[in-house]
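Taking my numbering, I'd label the letters of the sequence shown as residues 130 to 306.
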Amino acid sequence: MQFDTPSLLYLEYSGFAPCRYSRTSYLNSLVEVKLDVHIRHECNTHVHLSPIIDWIGNVKTLSLSPASVKMMYSRCVELHVFSNLVKLYFERNEKEGWEVLPRLLNKSPKLETLVLKGLHCASDHGVCVDRNEVKVLEIYGFSGCGREVRQVKCLLREMQFLQVMKVKLMLMMITRN
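Next comes the structure, spelled out in structure tokens:
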């Protein structure tokens, strides 16, 4: 898979990670990337993630699906510094993978807005996110369970520059017998 698009500003990629390594050029113009990357079972050991990481290196806004986070976690992906990243959408629906968030934050010195979904799956002790410049925190699907509350406390304690926090509650269906 190769791109030769010097003016591309937005990329929404949903599909499988490349099984063969290919160098992609001219993606420095990207401003926003949405990734939903999966790994094919038949080329599980031969997946090359370097091209995908190269895509997101200069973006200002990055959105990672649960599958993309799982891929980054399971492959122990080496992250570059995201020197332009100011907004990160991070969604996880399993416990595994939350370890990727602190790594992303530590590699994103200009990050100002962090959007989280799936907080109920964070670890029992909370995910540490020290050394960040986040000013806006948005949490979606908050149910108020103990694990979520512990994580929010951890975030509030560690985000020294936080100015705005938005929480969208998860709507629960109540059934009566």
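All C-beta atoms in this analysis are idealised placements derived from N, C-alpha and C, irrespective of residue type, glycine included.
For clarity, every value in this text was computed on a predicted model and none was experimentally measured.
Using a threshold of 8 angstroms, state whether the C-beta atoms of residue 214 and residue 193 are closer than that.
-> Here residue 214 is taken as the residue at index 85 of the sequence shown, counted from 1. Here residue 193 is taken as the residue at index 64 of the sequence shown, counted from 1. In this structure, residue 214 sits away from residue 193, with a CB-CB distance that is not shorter than 8 angstroms.
Sub-8 angstroms separation of residue 291 and residue 266 beta-carbons = Reading the sequence shown from its first residue, position 162 is the one you call residue 291. Reading the sequence shown from its first residue, position 137 is the one you call residue 266. In contact: residue 291 and residue 266 (Cβ atoms closer than 8 angstroms).
What three-state label does DSSP hand residue 282 in the structure shown?
-> The residue you call residue 282 lines up with position 153 of the sequence shown. Shown here, residue 282 sits in a helix according to DSSP, grouped into three states.
Test item: CB-CB of residue 202 and residue 244 under 8 angstroms = Looking up residue 202 in the sequence shown gives position 73. Looking up residue 244 in the sequence shown gives position 115. No, Cβ-Cβ distance for residue 202 and residue 244 is not below 8 angstroms.
N- and C-terminal bounds of the alpha helix (DSSP H) containing residue 263 | In the sequence shown, the residue the question calls residue 263 occupies position 134. From DSSP, residue 263 is part of no alpha helix (DSSP H); its letter is neither H nor E.
For the beta strand (DSSP E) that contains residue 294, what are its first and last residues?
-> Here residue 294 corresponds to residue number 165 of the sequence shown, with the count starting at 1. In the DSSP assignment, residue 294 falls within the unbroken beta strand (DSSP E) covering 293-298.
Quickly, what does DSSP pair residue 216 with across the bridge? List them, please.
-> For this step, residue 216 is matched to residue 87 along the sequence shown. Its beta-bridge partners are 190, 242.
When the Cα of residue 200 is compared with those of 147, 141, 236, 190, which residue comes out closest?
-> Position 71 of the sequence shown, counted from the start, is the residue given in the question as residue 200. The shortest Cα separation from residue 200 among 147, 141, 236, 190 belongs to 147.
Using the C-alpha atoms, what's the distance from residue 166 back to residue 197?
-> Taking the first residue of the sequence shown as position 1, residue 197 is located at position 68. Taking the first residue of the sequence shown as position 1, residue 166 is located at position 37. If you take the alpha carbons of residue 197 and residue 166, they lie about 5 angstroms apart.
Are there 16 or more other CB atoms within 10 angstroms of the CB of residue 234, so buried, or fewer, so exposed?
-> Taking the sequence shown and counting its residues from 1, the one referred to as residue 234 is at position 105. Label assigned to residue 234: buried.
Would you identify the three-state DSSP class for residue 198, choosing helix, strand or coil?
-> Start at 1 with the first residue of the sequence shown, and residue 198 comes out as number 69. When secondary structure is reduced to three states using DSSP, residue 198 falls in the helix class.
Going by alpha carbons, who is nearest to residue 205 out of 238, 232, 288?
-> In the sequence shown, the residue the question calls residue 205 occupies position 76. Nearest C-alpha to residue 205 among 238, 232, 288: 232.
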